[in-house]
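Residue numbers 3 to 163, in my numbering, belong to the letters of the sequence shown in order. Comments concern the structure below.
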Amino acid sequence: MVIRRSCYNKEDLEEAVDRAYEGEPFAAVARSSSAPLCTLFKKSDELQAAGEITELRRGPKPTLSAEQEADVVAWVAGMQRAGFPVGPSRVIDRVNNIYERLHATKTAQKIARVRNMMEMDDVRSLFHAITKHVVELKLSADRVFNMDETSFMPNGMSRKV
């Protein structure tokens, strides 16, 4: 099912909401204006709550900020002034490089490095904490499980998180 969106501007919408506030029924306003009925209801509630009608961009937020987009525009203009005009594919490559710098692929930390960061005091404090909990909870020896490390692979090939 395709949802058809009406074409109306902010002035038309404000005029339609004003007519509805003056006492004209919402359905009659929707029939005579380009704004749909559900939009009139939503914007009238928004006008009552916030005191103004805000116009938001549909869809997800842009990946690049306005400052980054301005940098790309300045780069294109600078290249053109220097006599090296850039085509659409070059601009897309530039934006993709910026995106990759912002959202770099995270790599996993090697287990050996994490184990090297442990010190003897940390191991002792962990042992004392576990011993304290065993005594407090009055755990018996039949609750000891086999904790071998045969399933661990310290030299894993995957580096992506």
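Don't be surprised by glycine CBs; every beta carbon is placed ideally from N, CA and C. Please read these numbers as outputs of a predicted model, since none were measured by experiment.
Length-filtered (4 minimum) alpha helix (DSSP H) runs lying within the stretch 66-141: Qualifying alpha helix (DSSP H) stretches, in chain order: 68-83, 90-104, 113-118 and 122-139.
On the CB-based measure, 16 or more other CB atoms within 10 Å of its CB, does Ala143 come out buried or exposed? Reading the sequence shown from its first residue, position 141 is the one you call residue 143. Result: exposed.
Would you please state the rounded distance, in angstroms, between the beta carbons of Leu15 and Phe28? I believe it to be under 8 angstroms. Reading the sequence shown from its first residue, position 13 is the one you call residue 15. Reading the sequence shown from its first residue, position 26 is the one you call residue 28. Going by Cβ atoms, the distance from Leu15 to Phe28 rounds to 13 angstroms, so no, they are not a contact pair.
Any idea if Ala72 is buried or exposed, counting beta-carbon neighbours within 10 angstroms, 16 or more meaning buried? Translated into positions along the sequence shown, residue 72 becomes position 70. Classification of Ala72: exposed, given that the 10 Å Cβ count is below 16.
Which residue comes first and which comes last in the alpha helix (DSSP H) that contains Tyr23? The count along the sequence shown starts at 1 and reaches residue 23 at position 21. Residues Lys12 to Tyr23.
How many Å lie between Asp95 and Phe86 at the Cα? By 1-based counting over the sequence shown, the position of residue 95 is 93. By 1-based counting over the sequence shown, the position of residue 86 is 84. Their Cα atoms are separated by approximately 16 angstroms.
How long is the line joining the alpha carbons of Asn11 and Thr109, rounded to whole angstroms? Here the question's residue 11 lines up with position 9 in the sequence shown. Here the question's residue 109 lines up with position 107 in the sequence shown. If you take the alpha carbons of Asn11 and Thr109, they lie about 48 angstroms apart.
Lys45: buried (16+ other C-beta within 10 angstroms of its C-beta) or exposed? Residue 45 sits at position 43 when you count from the first residue of the sequence shown. Per the 10 Å Cβ criterion, buried.
What distance in whole Å lies between the Cβ atoms of Val93 and Val74, which are believed to be in contact at a cut-off of 8 angstroms? Along the sequence shown, one-based indexing puts residue 74 at 72. Along the sequence shown, one-based indexing puts residue 93 at 91. That belief holds up - the Cβ atoms of Val74 and Val93 are roughly 7 angstroms apart, short of 8 angstroms.
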